[in-house]
Structures are given as structure tokens and as C-alpha cells.
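Asker: Line by line, the protein sequences give chains A and B. Sequential numbering from 444 applies to the first sequence in my numbering. Sequential numbering from 104 applies to the second sequence in my numbering. There's a structure below that I have some questions on.
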Amino acid sequence: MNKIKSLDDLRKMKQSLEHGMNIREKSNSPESLVQIRVAMATCGIAAGARTVMNTLIEKIEIEKIPAVVTQGGCMGYCYAEPTIEVKVPGKDPVVFGNVDSKVAIEIVEKYIKNGELLDGIIPTNYQTINE
Amino acid sequence: MAQYKMHLLVCAGTGCRASQSEEIIVNLNAELKKQGLQYDAQVVATGCFGFCEKGPIVKILPDNTFYTQVKPEDCAEIISEHILKGRRVNRLLYEDPETRKHIEDSKHMGFYQKQLRIALRNCGFIDPENIDEYIARDGYAALGKILAEMTQSQAIDEIKKSGLRGRGGGGFPTGIKWEIASKNKADQKYVVCNADEGDPGAFMDRSILEGDPHSIIEAMAICGYCIGASKGLVYIRAEYPLAIKRLQVAIAQARDYGLLGGDIMGSGFSFDIELKYGAGAFVCGEETALIHSMEGHRGEPTVKPPFPAEKGYLGKPTNVNNVETFANVPVIFLKGASWFASIGTEKSKGTKVFALAGKINNVGLIEVPMGITLREVIFEIGGGIKDGKKFKAVQTGGPSGGCLTEKHLDTPIDFDNLIAAGSMMGSGGMIVMDEDDCMVSVAKFYLEFTVEESCGKCAPCRVGNKRLHEILEKICAGKGTEDDLSYLENLSKVIKDTSLCGLGQTSPNPVLSTLEHFYDEYLAHVKERICTAGRCKALKLYTIIADKCTGCTACIRACPVAAITGEKRQPHVIDVDKCIRCGACYDKCKFTAIHVQ
């Protein structure tokens, strides 16, 4: 075990460790984060939602975007799986269909980072009981 | 490090462990592996979430799903539904008692909405046996910062500015305590952490030690630096095996990392911690008694001064603080004294942890900002009184505290307001009572405890409390007189004024406060011989329901004092004055014609 010999050592150690706690820290204030929900029902998983979710998690990690990726149940857009819902704070949620890893990266780069809309948006025509 | 998508936090505090949370952890891990998800989700054993009423708790992040009363056999469903398919298991979600709706996100639970967790910041959030998780949350950063950048007096000033007061009961300003200890010169000084949590029903210190032991180690080291001590001692009761184990693990880890021991973080400052076990005596919460117990002597208090800051453990300057007090210290340095001082009331800063117990829906551990009202605590966080009964009183401060009633519900809770209301903060036990509780019996219960726990050194406490208890027993047995009430009051005051230590000086408080707020109830006991709450067996009122009585005379023959009269086949009558409430008639009657009130 390497001893912590100075405050710098401790800070470096903290930086290398905080990564593992990210999910927990983020869950403390989900309202202020971009919330990405991946539909992970059977059909979504079959269509590759798991890979998409991994890609999204890696991408937001690399880009250091304050976002949290969660998984949800079936959203009902079976024709457009995998689907993801993106909720940027202060904006209405947007649902994207037919998301593969390439599209996922595009969504992060264009929509989440720059607010540009892109193809593949499914017009939301539902309300949730939370609204 | 693997990138987990989800974290499953499982409470591994004493309460939830008693309901098989260890088995839940094993099952969750096995199930993850079976479904090939062991790299997607991580199971973490954490400290207490506070919501002990509904344990064991499993919380799933990042979506803040809060599963309650989970059983080991539910684990397969949680993994296959929630983790694999993203569908919450509705039947395990917390159900709002009023709306009967399942609450998906723990942030929307009434229990958590008004809470502010500072001392409990890591409880139920990190794995207490993993120092890395503590460091990832800025652990030991306060110690590092102080050692590298602050002088002793600067650090003490910061604590003074924060307004932190001792959470063990007395509410003495922590910064001033540290300053006094720092000014006393000696070749060796000691930092003592008082983990001898003695109040019946209070378990915040245990939960902090079980859920976040590193915060206490860090704070003790900070205190050591401030007062110039290189040795720390934790006085912990042997009845807390899990807290002891977690503390031992944490101390070993801190030593491995060089955060305890010689030359901490290259500063030249050395500090190490040793555990001392107590046998669980209430009086050892008093600092001089605690020190004597640590030295191997009887746990008896001595007169102050000299204060421990002057002559404490082994005759050396010693600073004693309670667990919860220490738990606040690192945060004060990380976020700043002014941040801490912005929370709470004018003279009581920060938050206080309370152990909610008694006739309340959400029994558990809560942390709230000072200045919150009892109403908010009991009815919003606590979810109100059980079974829709009526609120009667709340006892705060344990055996040293008093009862607060309906008229105090809107008083902001802080050190001074509680004292003004005839109770005290104490260590934070809060026992809620409803209409079925007899206040004389409640006072009797606490006196029973103090009689048992009095060390016997000084007469007022040893003899006085015993007498108080006898009078209360007499009243509950229906043999009290009105004179007894004034005797109770006088004796209480004498004990308070003349006892040697905090135990005796506060032990009559339950009597005095119930006398003040529930005098009518005492009067009913001694004058009308009625216990309005129906608790005191000897004061039960037996009457005969005329419609049901067949006039069989069975009760007349059973009554040992000839209190029942009546002709054959005519309804009988009980003479209340003659009746000794033995219940013989009740047992004998075959027609349920005897009514007991």
C-alpha cells in the first residue's frame, strides 16, 4: 500500500477515486443534470440498447458532461428501438429513435452539447403522471 | 476501475442486518453473476439510511429507487426486472401512507424532504469499510488542508466561528472547549471520543460509527492537531460490536495509508487512536466518569473543576467530544465556518440528528436543521402518529430531558428553546407518545432507569431518585395523595440542586416536566384514582353493565373486599370506593358484564 505522504498525494488519490463514485454523486442532484434514459425492455435490449447505453456512459465520461444515464422500461416505440429519452434541464424531454452507437455519439455532440436538433426525433405525444 | 452503470446500496447497519441484509447482499451478488451483470452493477454495503421502520433498505442509483422491507428472496426479481430490464419492482417501493401511491424516487419521500444530512452525509452513501470511497468524497481533505495550511489557533478559530456546540447533550461550544485544552501545557494531551451512547432509544452515534467511521477518525486527528495531542481514545460501549468492528477496520486502513501514525502527510504531526471499551453504564457519558472508567477505575464522576481540559485522562489535559460533534468537524473545514453558521438558529448552528421512536409512523434516524419545529419533525418527516391516534407528548433528551406537549409543537427546536420549554436537546432521542400513554408511568419508567444507572456516589442521586421512584410507584398503584405531588416537586428540586454530576442534576426532569404539563393527570391518579390513559392496572375502574348482568352472584362471591352488592337475578353494582381493582370479578364473570376502564 502506498502511503499518502502529502496533501498533493491525497488530492491525486481523490481524483483517481472519484470516478468510481460518480454515479452516486450524480444521483444526489438529478434535476440539475442532463438525464438520458435508455429504453431497456426486451425489444430494446435485442436491438442493441445495452451497447448504446455503454457508449453513452463512456461518451459523457470523456466529454465530462454533467449527465446521468439511467435505464427505463419499454417506451412503446417498438418500431424505432433502441430509443432514448434526453431531458436537458429546463427543456422538454426529447425522444430519439433508432439510436445506435454512432447516433448516440451524435446526440451527445450535437443535441446535448450544442442544442442542435437532429434526425430521428420522435414527436412526444404522451404525458407522464409526474407532469 | 470497472465502469458500473448502477450502484445497489444495501443498508448494513445493525437494524437492517438483524433483518437479513447480509443475506440480501450475498443474493444480489449471486444473482448479478447469474445474469451476467456483475460488471454493470455494483452492490455496496453501506451504513444506515435512517428509515429503519421499513428496513432492510435497498437503494438503486442513479435513479434513486428506494426499495423497502426487502427479503433475500426478492433479490432475483430486483435484478431481472430492475437491473436487466429497467422496470421498477412496484410492490417493494415505499408507499405513501396518505395517498397510497408508490413513490419511485426517494427524493419525493416525506421522510427525506425536510432533512439536511451533514453529520450523516456519508451514512447510507459509502461503504464504511472502504477508505477509498471516503477519500473519493473529500475524506481526509480537511485534515490535509489544516496540516498544510493552517496554524492551530486558525483552525480553532474556524470551529469557534462555525458556532458548533457539543451534540452529546450539554451544548457547550466546541471551539471554546478546544481552545481551553490547547492552552494548557503538558508533555502529553489526549483527544477522547465519547461513544458511550447511553440514552434509551438514541442510536445516532452508533449509526455514524457504523456508517462513516473515517469521519470520526479524521475529526479526532484534527482535534489532536488543534489542542496539541498525539493520542486519541474512543470510549465505546462493548454492546456495539458492529460499530467497534467498523472502527477497527477504519483505523487499520487509515494507518496503512499513513493517515494515522507518525508524520501525517509530511506535516510532522503524529496521531494515533486506540479503542477503550465501556460496559455500558449511563453515568459514563459524563466526561469525568468516562475518564475514570478508561483509567480502569469505577465509572464515577468527580467534581469539576478541575475540568478534563486541565486534568483529564491520567491527569493530563484531555478534550472529550461526542461522536456526532466530531462528525460535523471535517465538513466545517471543507465548506467553511460561515456556511455552517448559516444553518440553524441564532445560537444553535448546524443540524441535529434525532432518533425518532415511539408511537410514530416513520421510526428512524433523521437529521434536520436546528430551528425546525416539532410539528415538522413529527408530522411531516415522522409521518404522524401511528394508527391515527392523537398526539399527546414527545419526550426529548432521554432520562435527563422532559416532555413537550401540543403547545410546543411550533417551537423551533434548538438548545436554548428546549431548555426554556423544560426539556433539553440531550443526545437526540425523541420518543413520541399518544393518547394511550400515561404520563405518570412515563416518568416512572425514566426514574426506574436512573435509579438503576445512578453510580451511588452522592446521596441526593442515590437516595433521592429512589424515593422519587417509590412515590411514583405509589401513585400508579392508586395509593398516592395530593401531598405526594408537592413532595415530588420539592424532592425533585433538591436532587437537581445538590447532585454531583449531570446525571442527578437532570434525572428529576421527566418528573418535573410531566408535573408541569400534565398536573391534571397526576391529580386524577391521586384524587379520583383514575388513570385517564387506562395504563395503570391498579387504577382501572370496574363497573357492571346492567343490561348484561344476569344476577348470578358469581362476582359477589369472588370479590375479596365485599365491594359488590345486589340481589339474585338483579343487576349487581360495584362500590368504586371499596373496590381494590384486583380484577377477580372480571375473571369470574361469564357474561362479559364487567366493564374495565
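Don't be surprised by glycine CBs; every beta carbon is placed ideally from N, CA and C. Quantities reported herein were computed from a predicted structural model and do not represent experimental measurements.
Is the number of C-beta pairs between the region 148-156 of chain B and the region 112-126 of chain B that are closer than 8 Å three or more?
Answerer: Enough Cβ pairs lie closer than 8 Å, so yes.
Asker: Specify, as a first and last residue, the run of the alpha helix (DSSP H) that B:Q257 falls within.
Answerer: Position 154 of the second sequence, counted from the first residue, corresponds to residue 257 of chain B. Q255 to S265 is the span of the alpha helix (DSSP H), which, as asked, contains B:Q257.
Asker: Pick helix, strand or coil for A:T526, following the three-state DSSP scheme.
Answerer: Start at 1 with the first residue of the first sequence, and residue 526 of chain A comes out as number 83. Three-state result, A:T526: coil.
Asker: Using the beta-carbon of each residue, which ones in chain B are nearer than 7 Å to A:K446?
Answerer: The residue labelled residue 446 of chain A in the question sits at position 3 within the first sequence. Under the 7 Å cutoff, chain B gives Y360 and G361.
Asker: Just reading off the alpha helix (DSSP H) that B:H620 is part of, what are its end residues?
Answerer: Mapped onto the second sequence, residue 620 of chain B falls at position 517. B:H620 -> alpha helix (DSSP H) spans N612 to H620.
Asker: Using beta carbons (cut-off 8 Å, strictly below), is B:Y328 in contact with chain A?
Answerer: Here residue 328 of chain B corresponds to residue number 225 of the second sequence, with the count starting at 1. No, no contact with chain A.
Asker: Nearest-angstrom Cα distance between B:G118 and A:N541?
Answerer: The residue labelled residue 118 of chain B in the question sits at position 15 within the second sequence. The residue labelled residue 541 of chain A in the question sits at position 98 within the first sequence. For B:G118 and A:N541, the distance between alpha carbons rounds to 47 Å.
Asker: If distances are taken between C-alpha atoms only, which option among B:G487, B:C604, B:A524 and B:V699 comes closest to B:E201?
Answerer: As a working note, residue 201 of chain B is residue 98 in the second sequence. Closest option to B:E201, Cα to Cα, is B:G487.
Asker: Between B:K510, B:F548 and B:S616, which has its C-alpha nearest B:C639's C-alpha?
Answerer: Translated into positions along the second sequence, residue 639 of chain B becomes position 536. Here the closest residue by C-alpha is B:F548.
Asker: Can you tell me whether A:E574 is helix, strand or coil according to DSSP?
Answerer: Position 131 of the first sequence, counted from the start, is the residue given in the question as residue 574 of chain A. Low local confidence applies: a pLDDT of 42 at A:E574 is under 50, so the model's placement there is unreliable, with the coordinate-based value given in what follows. In the structure shown, A:E574 sits in coil (DSSP, three-state: anything other than H, G, I, E or B).
Asker: Can you give, in chain order, each stretch of the beta strand (DSSP E) that sits fully within the region 411-467 of chain B and has at least 3 residues?
Answerer: Correct list: 421-425 and 454-461.
Asker: Any idea which residues DSSP pairs B:N297 with across the strands?
Answerer: Taking the first residue of the second sequence as position 1, residue 297 of chain B is located at position 194. Answer is B:Y338 and B:N425.
Asker: Who are the Cβ neighbours of B:I325 in its own chain at under 8 Å, not counting the five residues just before and after it?
Answerer: Here residue 325 of chain B is taken as the residue at index 222 of the second sequence, counted from 1. Hits under 8 Å: A245, L246, I249, A258, V432, P433 and F436.
Asker: With which residues is B:C114 paired in a DSSP beta bridge?
Answerer: On the second sequence, residue 114 of chain B is found 11 positions in, with the first residue counted as 1. In DSSP, B:C114 forms a bridge with B:T149.
Asker: Can you give the Cα-Cα distance for B:D208 and A:A547, rounded to whole angstroms?
Answerer: By one-based count along the second sequence, residue 208 of chain B stands at place 105. By one-based count along the first sequence, residue 547 of chain A stands at place 104. Spanning the two alpha carbons is a distance of roughly 26 Å.
Asker: Could you work out which residues of chain B lie near A:I500, taking near to mean beta carbons separated by less than 7 Å?
Answerer: Your numbering for residue 500 of chain A matches position 57 in the first sequence. Q106 and K108, listed in chain order.
Asker: Decide if B:M104 is buried, meaning its Cβ has at least 16 other Cβ atoms within 10 Å, or exposed.
Answerer: If you number the second sequence from 1, residue 104 of chain B lands on position 1. Residue placement at B:M104 cannot be trusted, given a pLDDT of 39 that sits under 50; what the coordinates show is reported in the next sentence. The residue in question, B:M104, is exposed, as its Cβ has fewer than 16 Cβ neighbours within 10 Å.
Asker: In angstroms with no decimal places, state the Cα-to-Cα distance between B:A384 and B:E403.
Answerer: Taking the second sequence and counting its residues from 1, one reaches residue 384 of chain B at position 281. Taking the second sequence and counting its residues from 1, one reaches residue 403 of chain B at position 300. Computed Cα separation, rounded: 10 Å.
Asker: What residues match up with B:E125 in a beta bridge as DSSP calls it?
Answerer: Counting from 1 along the second sequence, the entry for residue 125 of chain B is found at position 22. Bridge partners of B:E125: none, in fact.
Asker: Could you tell me whether the region 503-522 of chain B touches the region 441-452 of chain B, where touching means 3 or more Cβ pairs closer than 8 Å?
Answerer: Yes, since at least three Cβ pairs between the region 503-522 of chain B and the region 441-452 of chain B fall closer than 8 Å, the two stretches touch.
Asker: What do you get for B:I578, buried or exposed, if any count of 16 or more other CB atoms within 10 angstroms of its CB means buried?
Answerer: As a working note, residue 578 of chain B is residue 475 in the second sequence. B:I578 should be labelled buried.
Asker: Can you pull the chain B residues whose beta carbon is under 7 Å from the beta carbon of A:M456, in chain order?
Answerer: On the first sequence, position 13 is the one that residue 456 of chain A refers to. The answer, in chain order, is I238.
Asker: Between B:A661 and the rest of its own chain, which residues show a CB-CB distance below 7 Å, the 5 nearest in sequence each way excluded?
Answerer: Counted from its first residue, the second sequence places residue 661 of chain B at position 558. Closer than 7 Å at the Cβ level, and outside the excluded window around B:A661, lie A687, C688 and K691.
Asker: Name, in chain order, the residues that DSSP records as bridge partners for B:F494.
Answerer: Taking the second sequence and counting its residues from 1, one reaches residue 494 of chain B at position 391. DSSP, once it has assigned bridges, lists B:D537 as partnering B:F494.
Asker: Taking C-beta to C-beta, are B:A496 and B:L507 nearer than 8 Å?
Answerer: As a working mapping, residue 496 of chain B is identified with position 393 in the second sequence. As a working mapping, residue 507 of chain B is identified with position 404 in the second sequence. Closer than 8 Å, so yes.
Asker: Name the chain A residues whose beta carbon is nearer than 8 Å to that of B:D241?
Answerer: Mapped onto the second sequence, residue 241 of chain B falls at position 138. Chain A residues near B:D241: K457.
Asker: Give the DSSP bridge partners of B:Y197, in chain order.
Answerer: Along the second sequence, one-based indexing puts residue 197 of chain B at 94. B:Y197 pairs with B:I206.
Asker: DSSP on A:E559, reduced to helix/strand/coil?
Answerer: If you number the first sequence from 1, residue 559 of chain A lands on position 116. DSSP places A:E559 in coil when its eight states are reduced to three.
Asker: Less than 6 Å between C-beta atoms, sequence neighbours within five positions excluded: which residues of the same chain meet that for A:E574?
Answerer: Taking the first sequence and counting its residues from 1, one reaches residue 574 of chain A at position 131. Because the pLDDT at A:E574 is just 42, under 50, the model does not fix this residue reliably, and the value given afterwards should be weighed accordingly. The answer is none, since no qualifying residue turns up.
Asker: Could you round the C-beta distance between B:I339 and B:A346 to whole angstroms and report it? I think they count as a contact, below 8 Å.
Answerer: As a position in the second sequence, residue 339 of chain B is number 236, starting the count at 1. As a position in the second sequence, residue 346 of chain B is number 243, starting the count at 1. Their Cβ separation, rounded to whole angstroms, is 7 Å, which keeps B:I339 and B:A346 in contact under 8 Å.
Asker: Could you pull the DSSP bridge partners for A:Q478 from this structure?
Answerer: Taking the first sequence and counting its residues from 1, the one referred to as residue 478 of chain A is at position 35. DSSP lists A:V511 and A:K530 as partners of A:Q478.
Asker: Specify the secondary structure class of B:G364 as computed by DSSP and reduced to three states.
Answerer: Residue mapping note: residue 364 of chain B aligns to position 261 of the second sequence, counting from 1. Reduced to three states, the DSSP call for B:G364 is strand.
Asker: With distances taken between CB atoms, is the gap from B:E261 to B:A460 smaller than 8 Å?
Answerer: Within the second sequence, residue 261 of chain B is the residue found at index 158, counting from 1. Within the second sequence, residue 460 of chain B is the residue found at index 357, counting from 1. No, these two residues do not count as a Cβ contact at 8 Å.
Asker: With DSSP collapsed to three states, give me the class of B:R268.
Answerer: Residue numbering aside, residue 268 of chain B sits at position 165 when the second sequence is read from its first letter. In this structure, B:R268 counts as strand in the three-state DSSP scheme.
Asker: Pull up the distance between the alpha-carbon of B:V679 and that of B:I633, whole angstroms please.
Answerer: If you number the second sequence from 1, residue 679 of chain B lands on position 576. If you number the second sequence from 1, residue 633 of chain B lands on position 530. Whole-angstrom Cα-Cα distance: 11 Å.
Asker: With distances taken from CA atoms, which of B:E134, B:N425 and B:N193 is nearest B:C178?
Answerer: For the purposes of this step, residue 178 of chain B is taken as residue 75 along the second sequence, with counting starting at 1. Checking every option, the nearest Cα to that of B:C178 belongs to B:E134.
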